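Participant: From first to last, the protein sequence lines stand for chains A and B. Start counting the first sequence at 6; every next residue gets the next number (the numbering used here). Start counting the second sequence at 89; every next residue gets the next number (the numbering used here). Idealized CB from N, CA, C, for every residue including glycine. Just so it is clear, the structure is predicted and the values come from calculations on it, not from any experiment.
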Amino acid sequence: MQNWNILFRRTHLYLGMLLLPWMLMYALSTLLFNHDGYFRQFRVTDPQWLPLWEKDCTIEAPAGTEALRETARRLLEDNGLKGQFGVQRQGQRLTINLQNFRQPVRLTYDIAGKKLRAEKRKGSWAEVFIRLHQRVGYGHAGLLNNLWALAVDVFCVTTLIWIATGLYLWWKLPVTRGWGWLTLGGGLLSIAILLGTL
Amino acid sequence: MNPSPSKVIRRTHMYLALFVTPWMIVYALSGLVLNHGQVVRTLYGARFGQFEKVGERDYTAAFSADADPRMIGAQILDHLGLAGSFNVQGTTSQPRLIINRNAAFATHRITYFRGENRLLIEKQRFTAPVFVNRLHFRHGYEQPFLSSRIWAVTVDLAIAAMVFWAASGLWMWWEIKPARAWGAVCGLVGFGLFGILLASI
Chain A
6 MQNWNILFRR
16 THLYLGMLLL
26 PWMLMYALST
36 LLFNHDGYFR
46 QFRVTDPQWL
56 PLWEKDCTIE
66 APAGTEALRE
76 TARRLLEDNG
86 LKGQFGVQRQ
96 GQRLTINLQN
106 FRQPVRLTYD
116 IAGKKLRAEK
126 RKGSWAEVFI
136 RLHQRVGYGH
146 AGLLNNLWAL
156 AVDVFCVTTL
166 IWIATGLYLW
176 WKLPVTRGWG
186 WLTLGGGLLS
196 IAILLGTL
Chain B
89 MNPSPSKVIR
99 RTHMYLALFV
109 TPWMIVYALS
119 GLVLNHGQVV
129 RTLYGARFGQ
139 FEKVGERDYT
149 AAFSADADPR
159 MIGAQILDHL
169 GLAGSFNVQG
179 TTSQPRLIIN
189 RNAAFATHRI
199 TYFRGENRLL
209 IEKQRFTAPV
219 FVNRLHFRHG
229 YEQPFLSSRI
239 WAVTVDLAIA
249 AMVFWAASGL
259 WMWWEIKPAR
269 AWGAVCGLVG
279 FGLFGILLAS
289 I
């Protein structure tokens, strides 16, 4: 089936070309995780956050999760900030972390002192890679955030497609079957032994 | 006759892929689970990541006030016949020390109540999403156990494979003349999209 062969080869190749940046990003960021002891030196040092501004501010800081998110959303909007964020309240302090691959911003609201402070995280290429690797999930603010989540899905599904088409292409090369079985079997046996002993 | 560089690159691309196939399946499935965390949690309900009590027992041991929590954890796990990679939450000055023993198929959580000389042993229920996620998050050479270190080597191998696939993929794309134009379009779209997302979110 020459047509299937060509179709699988081209699918394998074009998906690879399309997702090349994600492939390299996930590979290099995994290196940071696997050699954390060495790469820790490239992460930001104290103080990790640099002040941007501070202002007087009076808002209600509700206790419920949804209400808290709504308050955080309003605070961000009022200060010209938007994007994916997380919010938490600890005692008299409300902290909003505005995510950004290159430079996250943190808003801290002192409930008792009625002060709102904005800070930006120091730059670190290692942390950019870590944030790229760890960003997942839909339902966040804006089209581009959801587009990133879609790209993560596409990358995961494509990995399975690469495996399926790769196996097909291997099988179509009879001369490689012996070594192919050996490497595939070696991988399966290795992971089975590791799973049994970890 | 020596094989051509092109053939060596093609074969290396393929055999490397065949070997790391099981790891890539784990990473792909786990990536989907993480990207749809809320849906998966809803699907599994209370079972998701739930710990169930396995037992409780007395544990009388004398540890100095400055004893290393990891040393305590290792000794307790050894005593329970659960030796292997683990992490510890808490300090020796706290009344409770939590030891998480992370095996491939299950996590045991052991709570050591120091003042009461008592151990509470719990085991996480097996669910496929938690299983693949646990393998996904496993990395690093810090754990002093052979299988954990070999796993870290396989993670490095997967990294090397991914970089090699990218580089050799470009080589092979350039060799297939009819695929150059569409390959270039796909590459440009990919890098363009990645660049926009990196710059804007």
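For a contact defined as C-beta to C-beta under 9 Å, what are the partners of C62 of chain A on chain B?
Facilitator: Taking the first sequence and counting its residues from 1, the one referred to as residue 62 of chain A is at position 57. The contacting residues do not exist; C62 of chain A stays about 26 Å from chain B at best.
Participant: Along the segment 149-162 of chain A, where does the CB come closer than 8 Å to a CB of chain B? Name the residues.
Facilitator: From the segment 149-162 of chain A, only L149, N150, L152, W153, A154, A156, V157, D158, F160, C161, V162 have a Cβ closer than 8 Å to chain B.
Participant: Say whether chain B places a C-beta atom closer than 8 Å to the C-beta of V195 of chain A.
Facilitator: Taking the first sequence and counting its residues from 1, the one referred to as residue 195 of chain A is at position 190. According to the sequence provided, residue 195 of chain A is Ser. The question's Val does not apply to it. Cβ-Cβ to chain B under 8 Å: yes for S195 of chain A.
Participant: Taking 8 Å as the threshold, find out whether the segment 174-192 of chain A comes into contact with the segment 223-231 of chain B through three or more Cβ pairs.
Facilitator: At 8 Å Cβ cutoff, the stretches do not touch.
Participant: My output table needs one value for I101 of chain A: the three-state DSSP class, helix, strand or coil.
Facilitator: As a working mapping, residue 101 of chain A is identified with position 96 in the first sequence. Looking at I101 of chain A - three-state DSSP - the assignment turns out to be strand.
Participant: Do T181 of chain A and R99 of chain B have their C-beta atoms within less than 8 Å of each other?
Facilitator: Numbered from its first residue, the first sequence carries residue 181 of chain A at position 176. Numbered from its first residue, the second sequence carries residue 99 of chain B at position 11. In this structure, R99 of chain B lies closer than 8 Å to T181 of chain A by Cβ.
Participant: Under three-state DSSP, which class holds E65 of chain A?
Facilitator: Here residue 65 of chain A refers to the residue found at position 60 when the first sequence is read from its first residue. Note: E65 of chain A maps to coil in three-state DSSP.
Participant: Buried or exposed: which applies to F139 of chain B, given that a residue is buried once 16 or more other Cβ atoms fall within 10 Å of its Cβ?
Facilitator: Here residue 139 of chain B corresponds to residue number 51 of the second sequence, with the count starting at 1. Looking at its Cβ environment, which holds fewer than 16 other Cβ atoms inside 10 Å, F139 of chain B is exposed.
Participant: Using the three-state DSSP reduction, which class does N84 of chain A fall into: helix, strand or coil?
Facilitator: By 1-based counting over the first sequence, the position of residue 84 of chain A is 79. Coil, per DSSP.
Participant: Under the three-state reduction of DSSP, which class applies to I238 of chain B: helix, strand or coil?
Facilitator: Working through the second sequence from its first residue, we reach residue 238 of chain B at position 150. Helix at I238 of chain B.
Participant: What does W184 of chain A touch in chain D if you count any residue whose Cβ is under 7 Å from its own?
Facilitator: No chain D is present in this structure, whose protein chains are A and B.
Participant: Between the beta-carbon of P26 of chain A and the beta-carbon of F282 of chain B, is there less than 8 Å?
Facilitator: Looking up residue 26 of chain A in the first sequence gives position 21. Looking up residue 282 of chain B in the second sequence gives position 194. In this structure, F282 of chain B lies closer than 8 Å to P26 of chain A by Cβ.
Participant: Which word fits W58 of chain A, buried or exposed, when buried means at least 16 other C-beta atoms lie within 10 angstroms of its C-beta?
Facilitator: For the purposes of this step, residue 58 of chain A is identified with residue 53 of the first sequence, where counting begins at 1. By the 10 Å Cβ count, W58 of chain A comes out exposed.
Participant: What residues of chain B sit near I168 of chain A, judged by a beta carbon separation below 9 Å?
Facilitator: For this step, residue 168 of chain A is matched to residue 163 along the first sequence. Simply A105, T109, M112, I113, A116.
Participant: Between A:G85, A:E132, A:K87, which has its C-alpha nearest T35 of chain A's C-alpha?
Facilitator: Working through the first sequence from its first residue, we reach residue 35 of chain A at position 30. T35 of chain A has its Cα closest to that of A:E132, out of A:G85, A:E132, A:K87.
Participant: Any C-beta of chain B within less than 9 Å: which residues of the segment 23-40 of chain A qualify?
Facilitator: The segment 23-40 of chain A vs chain B, Cβ under 9 Å: L23, L24, L25, P26, W27, M28, L29, M30, Y31, A32, L33, T35, L36, F38, N39, H40.
Participant: Give me the Cα-Cα distance between T170 of chain A and F13 of chain A, rounded to the nearest whole angstrom.
Facilitator: Taking the first residue of the first sequence as position 1, residue 170 of chain A is located at position 165. Taking the first residue of the first sequence as position 1, residue 13 of chain A is located at position 8. Rounded to whole angstroms, T170 of chain A to F13 of chain A spans 6 Å at the Cα level.
Participant: Can you find a CB in chain A that lies within less than 8 Å of the CB of D244 of chain B?
Facilitator: Position 156 of the second sequence, counted from the first residue, corresponds to residue 244 of chain B. By this cut-off, D244 of chain B is an interface position.
Participant: Do Q104 of chain A and Q93 of chain A have their C-beta atoms within less than 8 Å of each other?
Facilitator: Working through the first sequence from its first residue, we reach residue 104 of chain A at position 99. Working through the first sequence from its first residue, we reach residue 93 of chain A at position 88. Their beta carbons are not under 8 Å apart, which means Q104 of chain A does not touch Q93 of chain A by this criterion.
Participant: Is the distance from the Cβ of W261 of chain B to the Cβ of L149 of chain A below 8 Å?
Facilitator: Position 173 of the second sequence holds residue 261 of chain B. Position 144 of the first sequence holds residue 149 of chain A. In this structure, L149 of chain A does not lie closer than 8 Å to W261 of chain B by Cβ.
Participant: Who are the Cβ neighbours of R202 of chain B in its own chain at under 6 Å, not counting the five residues just before and after it?
Facilitator: Along the second sequence, one-based indexing puts residue 202 of chain B at 114. Excluding residues within five positions, the ones whose Cβ falls inside 6 Å are P183.
Participant: Based on the DSSP secondary-structure assignment, which residues constitute the bridge partners of T195 of chain B?
Facilitator: Along the second sequence, read from residue 1 onward, the residue named residue 195 of chain B stands at position 107. Answer is B:N190, bridged to T195 of chain B.
Participant: I'd like the list of long-range same chain contacts for A77 of chain A, defined as Cβ closer than 7 Å, with 5 residues on each side in sequence excluded.
Facilitator: On the first sequence, residue 77 of chain A is found 72 positions in, with the first residue counted as 1. Counting only Cβ-Cβ distances below 7 Å, and skipping sequence neighbours, we find F90, V92, I101.
Participant: On the DSSP letters alone, give me the boundaries of the alpha helix (DSSP H) that I264 of chain B sits inside.
Facilitator: By 1-based counting over the second sequence, the position of residue 264 of chain B is 176. Looking at the DSSP string, I264 of chain B is not in any alpha helix (DSSP H), and its letter there is neither H nor E.
Participant: Taking the alpha helix (DSSP H) that L25 of chain A belongs to, which residues open and close that run?
Facilitator: As a position in the first sequence, residue 25 of chain A is number 20, starting the count at 1. Taken as a continuous stretch (DSSP letters only), the alpha helix (DSSP H) holding L25 of chain A covers 25-39.
Participant: Answer with yes or no whether the minimum CB distance from R48 of chain A to chain B is below 8 Å.
Facilitator: For the purposes of this step, residue 48 of chain A is identified with residue 43 of the first sequence, where counting begins at 1. With 8 Å as the cut-off, R48 of chain A does not count as an interface residue toward chain B.
Participant: Could you give the first and the last residue of the continuous beta strand (DSSP E) run that contains N90 of chain B?
Facilitator: As a first step, residue 90 of chain B is located in the second sequence; it is residue number 2 there, counting from the start. First-last for N90 of chain B: undefined, no H or E at that position.
Participant: Does the structure place the segment 170-185 of chain B close enough to the segment 231-239 of chain B that three or more beta carbon pairs sit under 8 Å?
Facilitator: Short answer: they touch.
Participant: Listed in chain order, which residues of the segment 90-123 of chain A have Cβ atoms closer than 9 Å to some Cβ of chain B?
Facilitator: Against chain B - using a Cβ distance shorter than 9 Å - the residues of the segment 90-123 of chain A are Q104, N105, F106, R107.
Participant: Are the C-beta atoms of V251 of chain B and some chain A residue less than 8 Å apart?
Facilitator: Position 163 of the second sequence, counted from the first residue, corresponds to residue 251 of chain B. With 8 Å as the cut-off, V251 of chain B counts as an interface residue toward chain A.
Participant: Can you check whether the C-beta of T70 of chain A is within less than 8 Å of a C-beta belonging to chain B?
Facilitator: Along the first sequence, one-based indexing puts residue 70 of chain A at 65. Not an interface residue.
Participant: Would you please verify whether the beta carbon of L73 of chain A is less than 8 Å from any beta carbon of chain B?
Facilitator: Reading the first sequence from its first residue, position 68 is the one you call residue 73 of chain A. Cβ-Cβ to chain B under 8 Å: no for L73 of chain A.
Participant: Taking DSSP's pairing of strands, which residues face T113 of chain A in a bridge?
Facilitator: On the first sequence, residue 113 of chain A is found 108 positions in, with the first residue counted as 1. Bridge partners of T113 of chain A: A:T100, A:R122.
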